[in-house]
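S.K.: Under the working numbering, the first residue of the sequence shown carries the number 31, and numbering increases by one thereafter.
For glycine and all other residues, C-beta sits at the position ideal for the given N, C-alpha and C.
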Amino acid sequence: LNIYFRWTITPKTSIMLSSTTSYADLRSEVINAHNSGWSERAMVQFSQEFPKNFRFSAFYMGNTSAPTLQGNSTGMTMHSMTLSKSFNNNKVTLGLQAMNPFKSNIEINSKTIAEDFTTESNISIGMRSIALQCNIQLGNTNKRRQSRQHDDDGVMERQSEVSSTTSQAQTM
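This is the structure we're talking about:
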């Protein structure tokens, strides 16, 4: 089951949710193993725009434990917060991002159980960081919008919304 949801609460506030719930039924006749179970993965993002081109966003991603053929792996979580400001008509954006500011390590654990052995793995990855971001938009990204209009004979005539030369020629 997959769910994607984006809600623009106000023109400057939005929330996004993406979630996946799955069931696995794993079997192997070769090693005589079977395991099954449910797992969940979710991502949530909150974004808020403020006056003077400031923006704050927060992100959370987590997943529950999941079955493997001979055991399971534990879940994990990550989160981040970003404060950014746009300059020069939104062509330059500077941001400060904190990744996992409340938790220094991501823990990933797994357990494998077989007929003649058991293995446990505990992994700790340092994921706390602070990053300075700079995004620069190069070139002209304004796109000319085209519209179609019917004249009295039903013939299609293409007219640019950006240019006013057609309307000037018609008034002369």
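Considering just the uninterrupted stretch of the beta strand (DSSP E) at Val122, what are its terminal residues?
M.R.: Looking up residue 122 in the sequence shown gives position 92. Where Val122 is concerned, the enclosing beta strand (DSSP E) stretches over Val122 to Met129.
S.K.: Within 10 angstroms of its Cβ, does Gln100 collect 16 or more other Cβ (buried), or is it exposed?
M.R.: Locating residue 100 in the sequence shown gives position 70, counting from the first residue. Buried is the call here.
S.K.: Please work out which residues of its chain come closer than 6 Å, Cβ to Cβ, to Thr107, disregarding the five sequence neighbours upstream and downstream, and give them in chain order.
M.R.: Indexing the sequence shown from 1 puts residue 107 at position 77. Hits under 6 Å: Gly92.
S.K.: For Asn130 and Met157, which I take to be in contact (beta-carbon distance under 8 Å), what is that distance rounded to the nearest angstrom?
M.R.: One-based indexing of the sequence shown puts residue 130 at position 100. One-based indexing of the sequence shown puts residue 157 at position 127. Correct: roughly 5 Å between the Cβ atoms.
S.K.: Cβ of Glu79 within 8 Å of Cβ of Lys42?
M.R.: To locate residue 79, count along the sequence shown from 1; it is residue 49. To locate residue 42, count along the sequence shown from 1; it is residue 12. Yes, Cβ-Cβ distance for Glu79 and Lys42 is below 8 Å.
S.K.: Can you tell me where the beta strand (DSSP E) with Glu145 in it begins and where it stops?
M.R.: Counted from its first residue, the sequence shown places residue 145 at position 115. That residue, Glu145, is in no beta strand (DSSP E); it is neither H nor E in DSSP.
S.K.: Just the Cα atoms here: how many angstroms apart are Ile136 and Trp68?
M.R.: Within the sequence shown, the letter at position 106 stands for residue 136. Within the sequence shown, the letter at position 38 stands for residue 68. Distance between the alpha carbons of Ile136 and Trp68 is about 21 Å.
S.K.: State the Cα-Cα distance for the pair Lys115 and Ala161, rounded to the nearest angstrom.
M.R.: One-based indexing of the sequence shown puts residue 115 at position 85. One-based indexing of the sequence shown puts residue 161 at position 131. Going by the C-alpha atoms only, they are around 14 Å apart.
S.K.: Give the range of the beta strand (DSSP E) segment to which Phe117 is assigned.
M.R.: Position 87 of the sequence shown, counting from 1, holds the residue named residue 117. It spans Met106 to Phe117 - the beta strand (DSSP E) in which Phe117 sits, taken as one unbroken run.
S.K.: Can you check which of these residues, Ser154, Leu168 and Arg71, is closest to Asn118 by C-alpha distance?
M.R.: Locating residue 118 in the sequence shown gives position 88, where the first residue counts as 1. Asn118 has its Cα closest to that of Leu168, out of Ser154, Leu168 and Arg71.
S.K.: My output table needs one value for Pro97: the three-state DSSP class, helix, strand or coil.
M.R.: For the purposes of this step, residue 97 is taken as the residue at position 67 of the sequence shown. If DSSP states are grouped into helix, strand and coil, Pro97 belongs with the strands.
S.K.: With DSSP as the reference, label Asn83 as helix, strand or coil.
M.R.: Counted from its first residue, the sequence shown places residue 83 at position 53. Here Asn83 sits in helix by DSSP.
S.K.: Which word fits Ser177, buried or exposed, when buried means at least 16 other C-beta atoms lie within 10 angstroms of its C-beta?
M.R.: The residue labelled residue 177 in the question sits at position 147 within the sequence shown. With a pLDDT of only 49 at Ser177, under the threshold of 50, the placement of this residue in the model should not be trusted; the figure read from the coordinates follows. With fewer than 16 Cβ atoms within 10 Å of its Cβ, Ser177 is classed as exposed.
S.K.: Might you give, ordered along the chain, the residues of its own chain that have their beta carbon closer than 7 Å to the beta carbon of Ser44, omitting 5 neighbours on each side?
M.R.: Start at 1 with the first residue of the sequence shown, and residue 44 comes out as number 14. Arg36, Trp37, Thr38 and Ser77.
S.K.: Determine the DSSP secondary structure at Arg178, reduced to helix, strand or coil.
M.R.: By 1-based counting over the sequence shown, the position of residue 178 is 148. Note that Arg178 scores 49 on pLDDT, short of 50, meaning its location in the model is unreliable and no value can be drawn from it.
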